[in-house]
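Written out below as structure tokens is the structure these notes cover.
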Amino acid sequence: MNSASLHIRHYRPEDRESLLSIKCSVFKGIVLDNERRRFQWEIDENPIKLADIPVAFVLQAGDDVAGYFAFVPYRVQIGRQIVGGCTGIDLCLLDRFRGSGASHQFIQSWMAPGFCAFPFATALGSAATHLLKAAGAESLGGRLETIAYAYFVDHVHPPWKELPAHSVTGIQEFGREYDDLWDRIREHHRLILVKDALYMNWRYRDYPFEKPTLLAARDPCGTLSGIAVVQVDREFGRVYLCELLTEPGNSPARRGLLRASVDVARSSGEKFFYYSTRDAEQVDDVLETGFEPLPGPVPTFMARVNFTPSEGPVRVQDWHTSLGDGDQLFNIGEPGKERRA
Ligand SMILES: CC(C)(COP(=O)(O)OP(=O)(O)OC[C@H]1O[C@@H](n2cnc3c(N)ncnc32)[C@H](O)[C@@H]1OP(=O)(O)O)[C@@H](O)C(=O)NCCC(=O)NCCS
Numbered sequence: 011m012n013s014a015s016l017h018i019r020h021y022r023p024e025d026r027e028s029l030l031s032i033k034c035s036v037f038k039g040i041v042l043d044n045e046r047r048r049f050q051w052e053i054d055e056n057p058i059k060l061a062d063i064p065v066a067f068v069l070q071a072g073d074d075v076a077g078y079f080a081f082v083p084y085r086v087q088i089g090r091q092i093v094g095g096c097t098g099i100d101l102c103l104l105d106r107f108r109g110s111g112a113s114h115q116f117i118q119s120w121m122a123p124g125f126c127a128f129p130f131a132t133a134l135g136s137a138a139t140h141l142l143k144a145a146g147a148e149s150l151g152g153r154l155e156t157i158a159y160a161y162f163v164d165h166v167h168p169p170w171k172e173l174p175a176h177s178v179t180g181i182q183e184f185g186r187e188y189d190d191l192w193d194r195i196r197e198h199h200r201l202i203l204v205k206d207a208l209y210m211n212w213r214y215r216d217y218p219f220e221k222p223t224l225l226a227a228r229d230p231c232g233t234l235s236g237i238a239v240v241q242v243d244r245e246f247g248r249v250y251l252c253e254l255l256t257e258p259g260n261s262p263a264r265r266g267l268l269r270a271s272v273d274v275a276r277s278s279g280e281k282f283f284y285y286s287t288r289d290a291e292q293v294d295d296v297l298e299t300g301f302e303p304l305p306g307p308v309p310t311f312m313a314r315v316n317f318t319p320s321e322g323p324v325r326v327q328d329w330h331t332s333l334g335d336g337d338q339l340f341n342i343g344e345p346g347k348e349r350r351a
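Here the sequence shown stands for residues 11 to 351, where the numbers follow this note's numbering.
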């Protein structure tokens with residue numbers, strides 16, 4: 011390899027097919043048509059456009075593209091302010107261009123203050139974890155923090171004690187009523203991806219492969235009190251509770267949603283229902299529903315905060331994570347994928 015001929019540049023629209031073909035040759039078992047569809051959803055159909063953030067960093071080797079690192083844009087609430095952030099995805103280099111230091115440069119440029127306020131990544135392998143740590147990112151979870159819970163459908167579960175006080179029904183999309191709820195929920199958070207209706211409809215209603223189930227809880231007066239999103243993964247035989255959003259202290263809404271989510275998981279025919287939360291306030295309701303803590307290590311979230319809001323510093327530790335954040339679940343239900351579990 012002649013490393014002198016390598017340089018990193020920003021993505022151009024004509025790069026798309028080369029990038030997807032590199033991705034398919036580097037990550038085994040993925041399907042080009044699915045990659046095309048997902049890229050269209052992640053980038054073209056993403057309602058968030060951040061002018062300063064390129065679609066990807068591209069490693070150019072003479073006339074060839076040698077690898078890339080792509081970015082999905084988000085809005086993030088840090089303190090009380092809404093700023094731009096992005097998750098880094100698809101870090102990959104063709105074999106013959108590895109070992110040049112390009113992967114460190116990709117990650118460091120993305121993490122650098124000035125690129126975006128909140129660079130974050132999920133579902134990290136060991137190489138990416140190493141590279142992000144070297145660039146100053148912090149991990150959440152791991153052995154110090156229990157953030158994973160499982161509901162094993164086949165275990166014996168005692169019946170729930172009382173009927174939930176909030177009723178739960180399926181919905182097709184998120185509307186203005188949900189935005190009112192989101193405005194109340196976000197008051198309680200210092201670091202969270204913006205999950206208003208614009209985001210939720212893109213992330214879940216418009217997800218291009220197997221559609222998740224959207225659930226809404228209502229209090230006895232009929233006011234929306236919480237939402238949940240459940241995604242079934244047939245390929246790996248799992249079900250994920252991707253989102254569980256209520257105002258803090260609203261245990262009746264949360265319990266109603268957790269129980270309705272378990273019903274969705276049970277009726278899916280899969281045996282393993284997975285949830286992750288870093289919010290201690292949720293834990294009693296999660297356990298009461300029949301979930302069990304799963305011991306670490308599960309560091310599936312890494313980030314750096316490059317922005318100080320006017321009311322004072324915010325730390326990565328303040329991040330209210332959820333399984334639906336970032337690209338952790340971006341491949342569920344792709345056509346042509348064999349069942350593995
Ligand atoms: C990940 C990838 C982009 C790294 O690029 P690279 O040019 O191979 O990186 P290098 O060999 O220069 O290694 C960079 C650093 O990462 C470390 N590293 C590389 N692979 C690693 C692994 N599997 N686990 C832990 N650390 C790893 C190296 O030891 C090196 O450390 P140092 O420079 O701090 O001493 C490349 O290996 C790749 O395309 N892999 C396949 C796709 C992939 O797995 N992407 C990551 C998705 S999570």
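No residue lacks a Cβ here, since even glycine has one placed at the ideal position from N, Cα and C.
Model, not experiment: these values are computed from the prediction.
query	result
Burial state of threonine 97, where buried means 16 or more other Cβ atoms lie within 10 Å	buried
Residue ranges of each alpha helix (DSSP H) within the segment 125-166, 4 or longer	136-144
Phenylalanine 125 to aspartate 273 span [Cα, whole Å]	43 Å
Cβ pair valine 86, valine 93 closer than 8 Å	yes
Spatially closest choice to proline 230 from Arg264, Ser177, Val249 and Leu224, by CA coordinates	Ser177
Cβ contact check for the segment 294-310 and the segment 135-155: 3 or more pairs under 8 Å	yes
Where the beta strand (DSSP E) containing leucine 104 begins and where it ends	Note, leucine 104: premise wrong, no beta strand (DSSP E); not H, not E.
Alpha carbon of glutamate 24 to alpha carbon of histidine 198, nearest angstrom	43 Å
Which of helix, strand or coil DSSP assigns to aspartate 62	coil
Between the CA atoms of glycine 89 and glycine 322 - distance to the nearest angstrom	8 Å
Alanine 313 and alanine 71 closer than 8 Å at C-beta	no
Beta-carbon separation (whole angstroms), valine 239 vs valine 249, contact threshold 8 Å	About 11 Å separates the two Cβ atoms, so there is no contact after all.
Option nearest leucine 173 by Cα separation, candidates Leu267, Phe130, Arg213 and Glu280	Leu267
Close-in-space but distant-in-sequence residues of the same chain around arginine 19 (CB under 7 Å, 5 per side omitted)	Val68 and Gln70
Alpha carbon of leucine 134 to alpha carbon of alanine 144, nearest angstrom	14 Å
Opposing strand residues paired with valine 249 [DSSP bridges]	Val242 and Phe283
Neighbour-count burial assignment, glutamine 327, 16 or more Cβ in a 10 Å radius	exposed
Simplified DSSP state of tyrosine 217, which is helix, strand or coil	coil
Rounded straight-line distance, which links the Cα of valine 163 to that of cysteine 102	37 Å
Buried/exposed call for lysine 171, threshold 16 Cβ in 10 Å	exposed
Range of the contiguous beta strand (DSSP E) that encloses threonine 299	Premise fails: threonine 299 lies in the alpha helix (DSSP H), 293-299, not in any beta strand (DSSP E).
Distance between tryptophan 329 and phenylalanine 79 (C-alpha atoms, nearest Å)	24 Å
Beta-carbon proximity check, leucine 251 vs leucine 201, cutoff 8 Å	no
Given alanine 76 as reference, the closest of Ile99, Phe107 and Phe116 once Cα atoms are compared	Phe107
Heavy atom of ligand 1 within 7 Å of arginine 265 beta-carbon	no
Buried versus exposed, by CB contacts within 10 Å (16 or more), arginine 194	exposed
Glycine 346 to phenylalanine 184 span [Cα, whole Å]	30 Å
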